[in-house]
Amino acid sequence: MRIFSKDVRLQDFTIMYFTGLAALMVILVASYQAPSNAVDVSSLKPSPSSSLPPLPMPFRMPLDPLGNLQLAWNISYATQEVYIQLRVAELRHGVVLGMSDRGELTNADLVVLWDNGTRSYFGDAWSDSKGRVSLDSQQDYELIEAKQKADGFYLLFKRPFSTCDPRDYVIEEGTVHVIYGLLDQPLASLGDLNLSRIHMGVQRVLMLRPDMPSPTLPPEVKTMDVLAPNVIIPNQETTYWCFIQKLPDDMPKNHIVMYESVITPGNEAIVHHIEVFECAQDLREVPQYSGSCDDKMKPKKLNLCRHVLAAWAMGAEAFYYPPDAGLAIGGPGSSRFLRLEVHYHNPLLISGRHDSSGIRLHYTHNLRRYDAGIMELGLVYTPVMAIPPKQHTFYLTGYCTSKCTRTALPPGGIYVFASQLHTHLAGRGVRTVLVRGGKELDVVQEDQHFSTEYQTIRVLKKMINILPGDVLITKCTYNTEDRSKPTVGGFGIMEEMCVNYIHYYPRTQLELCKSHVDPGFHGNDQCVCGDVGVTDQYAQLHWDDFAGEVLDSLYNTAPISMHCNQSTARLFPGEWEKQPLPEVTSILPKHRYPCEGGAESYS
């Protein structure tokens with residue numbers, strides 16, 4: 000076989016060979032050199048801010064179930080920045096921290112610390128639709144400090160709420176899904192990293208908190224602990240544990256002025272969230288119970304303990320009532336029974352772990368000027384309100400009408416200082432807007448990254464005054480792409496809700512201000528479908544895009560029935576059926592952070 004043509008000399012071939020070899024070496028060396036826009040941590044010089052006192056980190060939470068990763072942060076509303084501190088107990092070859100819409104590993108905004116075996120680097124990065132990681136051309140995470148300490152390796156960095164980088168996550172009020180992972184091997188290049196090939200986890204947190212100091216409690220305040228009774232945490236991923244606690248029979252009326260979590264040491268990464276519910280006032284006895292909330296053999300009366308008294312989720316701090324108000328507990332007309340519900344998240348299936356976590360109530364006999372109240376806004380739990388299957392985005396809206404607020408609220412109105420949003424598994428977002436005179440006036444509460452896995456009472460940045468004649472509109476966003484049948488409203492976890500429990504003062508008799516589409520929307524007062532129930536009627540329909548659009552149009556045009564209920568569960572006097580939808584002009588801005596050149600930041 001003839002290898003060389005007569006026109007190619009051996010000398011020419013030798014030159015070509017060594018030229019190609021040199022080019023290959025350049026490529027290999029370049030792949031091991033520092034990325035042009037990453038920070039070489041190995042040669043990091045002290046920041047000018049390092050001479051300042053340590054930055055306080057008032058907010059913190061464990062990320063992983065073993066507590067190897069600890070997240071802490073602080074907020075500067077003046078500069079619109081978040082300062083983040085990450086502690087890694089045992090750092091090997093790097094760590095990944097990121098944010099994404101629902102906790103996905105794909106299309107995530109990342110900050111990565113990695114090494115190539117000899118040097119360490121820090122950089123702003125992103126993942127694509129397959130989880131492959133690339134360094135961002137716009138570096139928006141600023142490294143302040145990287146230091147090994149006695150209890151682990153610390154990274155301190157900051158970034159703006161909004162960077163106007165389309166690959167970056169916009170940090171807004173509401174739930175932030177934080178993803179995390181550790182690197183066990185060096186990386187020749189960050190492009191070698193694929194998040195789908197390493198062990199990653201997700202946590203949810205309210206990153207932006209109200210910028211206000213914690214009030215000082217009066218000296219006469221007493222405490223009451225509502226705790227799990229030395230529970231052995233089941234070695235399964237998810238457990239909801241219920242416990243009934245009875246109040247003293249002779250307990251007079253007091254005001255709860257603050258509550259906080261009590262977490263058994265060592266269980267900080269397993270106790271996911273806690274709620275305390277007050278049982279119905281007319282229950283004279285509730286059987287003692289300590290066991291799974293999902294146990295079919297649990298006493299039926301536990302289902303009558305649904306009035307939220309306190310709620311805490313991982314990463315939340317103590318909850319303080321306004322100085323003029325307190326939540327009544329004890330005394331005439333008050334329930335004597337509380338139900339504690341603790342959610343244990345145990346993905347490592349740890350066994351034999353004991354827990355006595357719960358809520359500590361701080362209360363006083365010196366009653367404040369106003370009783371605080373809790374009111375339900377949103378949709379009535381009824382199968383008439385349904386979501387078609389295979390929907391990427393579908394909206395349902397509940398109304399608290401001007402007729403109801405004019406009927407039930409005092410002349411000076413009420414002041415909303417906190418709220419708790421609630422949906423079931425298909426919920427993706429909740430937004431409550433205050434309308435006055437037919438125009439949107441303010442957003443009461445909003446979370447466009449809502450998760451049913453993270454439901455806590457959220458203090459508002461400012462109190463909202465609701466006046467007689469005002470309208471409150473609660474709009475929920477749902478995703479049913481993974482469902483083949485319609486999802487109807489109801490109490491079941493696979494059914495749906497759309498609720499905002501607002502905390503306010505002074506307390507009124509109005510406990511529930513919700514709506515649903517009027518049952519007579521088809522033009523007849525009686526259903527012509529025989530004995531087939533609403534849920535079955537929806538299930539028998541052929542659902543396509545057109546059917547979904549028709550249902551959406553119906554909900555946005557048909558009259559509504561109002562539930563303007565007193566605390567006795569009775570309607571206020573008046574006609575509440577076949578009410579027209581409120582006419583509203585949208586004037587609130589849709590985008591929070593304007594970017595240069597007229598562009599907008601989206602979350």
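Reminder that position 334 of the sequence shown reads as 333 in numbering that gives the first Met the number 0, one-by-one numbering, no gaps. We treat Cβ as the ideally placed atom computed from N, Cα and C, and that holds for glycine.
Asked	Found
Consult DSSP for Q287 and reduce its assignment to one of helix, strand or coil.	coil
Is the CB-CB distance between Y120 and D39 below 8 Å?	yes
When you compare only the Cα positions, how much space is there between I472 and H448?	19 Å
Could you spell out the range, first to last residue, of the beta strand (DSSP E) harbouring E171?	Segment: none, E171 is in no beta strand (DSSP E) and carries neither H nor E.
Please work out which residues of its chain come closer than 8 Å, Cβ to Cβ, to K5, disregarding the five sequence neighbours upstream and downstream, and give them in chain order.	Only weak support is given to the placement of K5: the predicted model assigns it a pLDDT of 42, under 50, and the value that follows is read from those uncertain coordinates. The answer is none, since no qualifying residue turns up.
Between S355, T222, D294, L246, which has its C-alpha nearest T263's C-alpha?	S355
Tell me, to the nearest whole angstrom, how far the beta carbon of R86 is from that of Q69; I am working on the premise that it is less than 8 Å.	4 Å
For the beta strand (DSSP E) that V549 lies in, which residues bound it at each end?	Looking at the DSSP string, V549 is not in any beta strand (DSSP E); the run it does join, the alpha helix (DSSP H), is 544-554.
Quick one: residues in its chain with C-beta nearer than 8 Å to the C-beta of I586, no 5 flanking neighbours on either side, listed in chain order?	K438, E439
If you draw a straight line from the C-alpha of D249 to the C-alpha of D370, how long is it?	20 Å
Out of R203, E89, D551, which one is the CA nearest neighbour of D150?	E89
Just to confirm the assignment, what range does the alpha helix (DSSP H) spanning S401 have?	401-407
Report back the beta-carbon spacing between Y500 and I373 to the nearest angstrom; my notes put them in contact at under 8 Å.	6 Å
Excluding the five sequence neighbours on either side, which residues of its own chain have a C-beta within less than 7 Å of the C-beta of Y380, listed in chain order?	G488, G489, F490, M496
To which residues of the same chain is G200 closer than 6 Å at the C-beta, ignoring the five residues directly before and after it?	D63, Y179
For T237, verify whether its CB is less than 7 Å away from any heavy atom of the ligand ZN.	Of the ligands one can find in the structure shown there are none, so the ligand ZN has no counterpart to examine.
Rounded to a whole number of angstroms, what is the C-alpha to C-alpha distance between S401 and L570?	15 Å
Give the secondary structure of Y537 by DSSP, where H, G and I count as helix, E and B as strand, and everything else as coil.	helix
Can you give me the Cβ contacts of E219 inside the same chain, cut-off strictly under 8 Å, excluding the 5 residues immediately before and after it?	T363, H364, N365
Thinking C-beta only, is P57 closer than 8 Å to N73?	yes
With V415 as the anchor, note down where its beta strand (DSSP E) starts and where it stops.	413-421
Out of curiosity, what's the CA-to-CA distance linking I26 and K146?	Any reading at I26 must be qualified, since the residue scores a pLDDT of 44, below 50, and its modelled position is unreliable; the value itself is stated next. Taking the straight line joining both Cα atoms gives about 32 Å.
Taking the CB atoms as reference points, tell me whether A407 and L509 lie closer together than 8 Å.	yes
Could you tell me which residues DSSP pairs with D354 in its beta bridges?	V230
Which same chain residues, not among the five before or five after P322, have their C-beta less than 7 Å away from its C-beta?	P214
Taking only runs that begin and end inside the segment 430-491, name each unbroken beta strand (DSSP E) of 3 or more residues, in chain order.	438-446, 457-465, 470-477
Near T404, which residues of its chain fall below 7 Å by C-beta distance, leaving aside the five closest residues on each side in sequence?	I465, P467, G468, D469
Between the alpha carbons of E141 and Q79, how many angstroms are there, rounded?	14 Å
For Q84, count the other beta carbons within 10 Å of its own beta carbon; 16 or more makes it buried, fewer makes it exposed. Which is it?	buried
Is it buried or exposed, Q184, if we count other Cβ atoms within 10 angstroms and call 16 or more buried?	exposed
With a 10 Å radius around its C-beta and 16 neighbouring C-beta atoms as the bar for buried, classify F545 as buried or exposed.	exposed
Which same chain residues, not among the five before or five after S49, have their C-beta less than 8 Å away from its C-beta?	Residue placement at S49 cannot be trusted, given a pLDDT of 46 that sits under 50; what the coordinates show is reported in the next sentence. Excluding residues within five positions, the ones whose Cβ falls inside 8 Å are I143, E144.
According to DSSP, is D224 part of a helix, a strand, or is it coil?	strand
With DSSP as the reference, label L378 as helix, strand or coil.	strand
Considering only their Cβ atoms, is the gap separating L134 from G122 smaller than 8 Å?	yes
Suppose the cutoff is 8 Å on Cβ atoms and the five residues either side in sequence are ignored; what does the same chain contact list for Y288 look like?	C241, F242, I243, K297, P298, L301
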